[in-house]
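Colleague:
Residue numbers (the UniProt record's numbering), protein chains in the order written: chain S, 1 to 337; chain Y, 1 to 337.
(1) Would you say residue 12/Y reaches chain S, if we count a Cβ-Cβ gap shorter than 8 Å as a contact?
(2) Who pairs with residue 65/Y in a beta bridge, going by DSSP?
(3) Using a threshold of 8 Å, state whether the C-beta atoms of residue 120/Y and residue 131/Y are closer than that.
(4) Report yes or no: is there a C-beta of chain S within less than 8 Å of the C-beta of residue 221/Y?
(5) Could you confirm whether any beta carbon from chain Y is found closer than 8 Å to the beta carbon of residue 42/S?
(6) Hey, is the stretch 157-166 of chain S in contact with the stretch 131-147 of chain S, meaning 3+ C-beta pairs nearer than 8 Å?
(7) At 9 Å on the CB atoms, spell out the chain Y contacts of residue 197/S, in chain order.
(8) Checking the sheet assignment: what are the DSSP bridge partners for residue 275/S?
(9) Does the beta-carbon distance from residue 202/S to residue 189/S come in below 8 Å?
(10) Looking at the C-beta of residue 69/S, does it have a partner C-beta in chain Y at a distance below 8 Å?
(11) Give me the DSSP bridge partner(s) of residue 88/S.
(12) What in chain Y is Cβ-close to residue 73/S, meaning under 7 Å?
(13) Using the C-alpha atoms, what's the distance from residue 204/Y back to residue 213/Y?
(14) Which of the three DSSP states is assigned to residue 281/Y in this structure?
(15) Just how far apart, CA to CA, sit residue 295/Y and residue 97/Y?
(16) Quick check: is the beta carbon of residue 27/S nearer than 8 Å to any beta carbon in chain A?
(17) What does the alpha-carbon distance come out to for the pair residue 19/Y and residue 17/S?
(18) For the stretch 319-335 of chain S against the stretch 258-271 of chain S, do three or more pairs of beta-carbon atoms, one drawn from each stretch, fall closer than 8 Å, so that the two count as touching?
(19) Would residue 7/S count as contacting chain Y if we go by Cβ distances under 8 Å?
(20) Are residue 168/S and residue 271/S closer than 8 Å when you measure CB to CB?
(21) Compare the Cα-Cα distances from residue 143/S to each of 45/S, 177/S, 68/S and report the closest residue.
(22) Between 145/Y, 84/Y, 268/Y, 217/Y, which has its C-alpha nearest residue 341/S's C-alpha?
(23) Keeping to the same chain, check which residues put their C-beta closer than 8 Å to that of residue 292/Y; ignore five residues upstream and five downstream.
(24) How would you label residue 8/S, buried or exposed, when you count the other beta carbons within 10 angstroms and need 16 or more for buried?
(25) Just mark residue 76/Y as buried or exposed, buried being the case when its beta carbon has 16 or more other beta carbons within 10 Å.
(26) Between which residues of its own chain and residue 311/S is the CB-CB distance below 8 Å, once the five residues before and five after are set aside?
(27) Which residues in the same chain as residue 181/Y place their Cβ atom closer than 6 Å to its Cβ, once the five residues preceding and following it in sequence are excluded?
(28) Taking its Cβ as the centre, do 16 or more other Cβ atoms sit within 10 Å of residue 124/S, making it buried, or is it exposed?
(29) For a cutoff of 8 Å on Cβ pairs, would you count residue 235/Y as touching chain S?
(30) If you count every other CB in all the chains shown that lies within 10 Å of the CB of residue 335/S, and 16 or more means buried, which is it?
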């Protein structure tokens, strides 16, 4: 925690995450400081306070929500409950899908990319795992095509991670979509949109019978009273935590324009303010080493446990000044190769 | 969280817990306030910082420790990994044992009480679940008899919750006992001895192969960076957190003496500063209602989800002034029946 290398990592300007870095957490932090005595409070058995407030916000019933230890906890819980099933994943995708499916003995079919989501090879598949917008590259499947997919394949259950739904401008899946699609299990999280990954609060939204089953496997009392209070504060002060997606996208557009001006790289399509850049003939891991060692910056590369190719990196747009510095640093490195 | 009834409960002088109420957490709280930014920190995958520091402290190897979401998380994890087995529990015991065993389809044999722990009916039993000192009543099995039990029954695995080991004066089981007993799985927690149940940090200590198996079922990243920092602080400042067991016991002895002077009740044997009191002809739930409504105090009764009889209550000795007030209140209530 306090080792020197960790401290150095913290000081880097970090383009490698998928968190909404601009969240203003000052009032939340003040509130938590006022409530520091909660470290001695016995937790609720199933984070009922969060389920109650959240279900109202996302317009589902309280028994259609299960609070979990981050979206990671949600994914592992579902994979465990469906252990040994035939599952389909579309790569690149959420690394945690693959970890959880492997751990729980799923028979995994992996398809490498997919233009038409409504024509997936679902013969014999029981569960299909998607992340939209996709954590790997920011790609989004359209709401209409996804709803068609769910409707046309009633015998397949779709587990869809929508943790980053607030990151896109387009209309995407909503928690209340479970009402019309009983084969839909949605996974989400407070970590990314509110920049509180340290609180470990995610959730599953699905029909009542599915939630009841998952609850049976969920560890009681695993959300601390402190984390419950943090999320309660976020939920009762929504205006403080609105994510300005358009502003964030404008800064991404500017960053993309600067990067496009550099020879020897290609920007892959994305619906989020983070996106993948492919180097045409060079090693992204080496570029990242240069950025970390010489420029005090960091992007995400394959060695960070992401499904990227060695010549690809993922970058999350920060403020314009940082973005400019990044584009300049990349241009310098590229011109010296 | 903020509903009026919760607020009222908080203001009660609470004799119903099994936490070491006297823990001085002021420096820990200051430290956490200084580190409030950790709410935005990505957690370690398996709380490695805690495993490393803790394993040194308790003199086992790092791969013999698994950090869990409280002792509750540890118990559910073990029950899940051994689902469907033949298990023995000795009642009264940790309620969470029964919840976890029922959830995971164990065939549970329950024996009502046990004078000689070395003569348990273990024929056909695969797992035996114990809590010592016992959370229900503070009873302790002697270290010698337990070690004999483990040795004489090599085909039974013993899961022993020692979360309250620091509460007793007598010698009890130690984490390093796993070295000589490969059929021993110890469960413990920081919540009770350090009064930080809000942090949700417990752990399992067992031989390497058992820990590796449990780790496979454990949710990654489920201990927040904030909780890791709290426990790190506790582990590197042990002197600040020493539990003064003898002092606590003296205050329990005084409380027991005062209660003994009251007609119509019996104090059950206990090795901890909390103990069970049996009312000879009266309802402990009614007594507790009187204490809560008229005296601003609370003891633990059967309706709190504990394995107590309707005429029994559990009381945790607090400071002498509070203890005196409790004894006086009970005497008043008893004399008015």
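Even for Gly, the Cβ is constructed at its ideal location relative to N, Cα and C.
A quick note: this is a predicted structure, and the numbers were derived from the prediction, not measured.
Modeller: Here's the rundown:
(1) What you label residue 12/Y is simply residue 12 of the second chain in a count that begins at 1. No, its Cβ sits nowhere closer than 8 Å to a Cβ of chain S.
(2) To locate residue 65/Y, count along the second chain from 1; it is residue 65. In the DSSP output, where bridge partners are listed per residue, residue 65/Y has 205/Y.
(3) The residue you call residue 120/Y lines up with position 120 of the second chain. The residue you call residue 131/Y lines up with position 131 of the second chain. Going by C-beta atoms, residue 120/Y is not nearer than 8 Å to residue 131/Y.
(4) One-based indexing of the second chain puts residue 221/Y at position 221. Taking Cβ atoms only, chain S reaches closer than 8 Å to residue 221/Y, which makes this a yes.
(5) As a working note, residue 42/S is residue 42 in the first chain. Residue 42/S counts as touching chain Y.
(6) yes
(7) The sequence position of residue 197/S within the first chain is 197, counting from 1. Here the neighbours are 39, 40, 41, 42, 43, 221, 224, 225.
(8) Position 275 of the first chain, counting from 1, holds the residue named residue 275/S. Answer by DSSP bridge pairing, in chain order: 315/S.
(9) Position 202 of the first chain, counted from the first residue, corresponds to residue 202/S. Position 189 of the first chain, counted from the first residue, corresponds to residue 189/S. Contact flag set, yes.
(10) Within the first chain, the letter at position 69 stands for residue 69/S. Answer yes: the Cβ-Cβ gap between residue 69/S and chain Y drops below 8 Å somewhere.
(11) Your numbering for residue 88/S matches position 88 in the first chain. In DSSP, residue 88/S forms a bridge with 109/S, 128/S.
(12) Start at 1 with the first residue of the first chain, and residue 73/S comes out as number 73. For residue 73/S, the chain Y residues whose C-beta falls within less than 7 Å of its own C-beta are 219, 222, listed in chain order.
(13) Within the second chain, residue 213/Y is the residue found at index 213, counting from 1. Within the second chain, residue 204/Y is the residue found at index 204, counting from 1. Those two C-alpha atoms are separated by around 12 Å.
(14) Walking along the second chain from the start, residue 281/Y turns up at place 281. If DSSP states are grouped into helix, strand and coil, residue 281/Y belongs with coil.
(15) Your numbering for residue 295/Y matches position 295 in the second chain. Your numbering for residue 97/Y matches position 97 in the second chain. Whole-angstrom Cα-Cα distance: 33 Å.
(16) Judged by its chain identifiers, the structure shown contains no chain A, and its protein chains are S and Y.
(17) Locating residue 19/Y in the second chain gives position 19, counting from the first residue. Locating residue 17/S in the first chain gives position 17, counting from the first residue. So the alpha carbons of these two residues sit roughly 39 Å apart.
(18) yes
(19) Numbered from 1 along the first chain, position 7 holds the residue referred to as residue 7/S. Below a pLDDT of 50, predicted positions are generally treated as unreliable, and residue 7/S, at 42, falls in that range; the measurement from the model is reported next regardless. So, not an interface residue.
(20) As a first step, residue 168/S is located in the first chain; it is residue number 168 there, counting from the start. As a first step, residue 271/S is located in the first chain; it is residue number 271 there, counting from the start. Contact: yes.
(21) Taking the first residue of the first chain as position 1, residue 143/S is located at position 143. The residue with the shortest Cα to Cα distance from residue 143/S is 177/S.
(22) Any property of residue 341/S remains undetermined from this structure, which presents chain S solely from 1 to 337.
(23) Locating residue 292/Y in the second chain gives position 292, counting from the first residue. Only 12, 298 meet the Cβ criterion.
(24) On the first chain, residue 8/S is found 8 positions in, with the first residue counted as 1. At residue 8/S, the pLDDT of 42 sits below 50, so the modelled position is not reliable; the number obtained from the coordinates is stated separately. So residue 8/S counts as exposed.
(25) Counted from its first residue, the second chain places residue 76/Y at position 76. Residue environment for residue 76/Y: buried (at least 16 other C-beta atoms within 10 angstroms of its C-beta).
(26) Residue numbering aside, residue 311/S sits at position 311 when the first chain is read from its first letter. Contacts found: 278, 279, 280, 281, 282, 283, 284.
(27) Position 181 of the second chain, counting from 1, holds the residue named residue 181/Y. Only 150 meet the Cβ criterion.
(28) Along the first chain, read from residue 1 onward, the residue named residue 124/S stands at position 124. Exposed, because fewer than 16 other Cβ atoms sit within 10 Å of the Cβ of residue 124/S.
(29) The residue labelled residue 235/Y in the question sits at position 235 within the second chain. No, residue 235/Y lies away from the interface with chain S (no Cβ there is under 8 Å from its Cβ).
(30) As a working note, residue 335/S is residue 335 in the first chain. That one is exposed.
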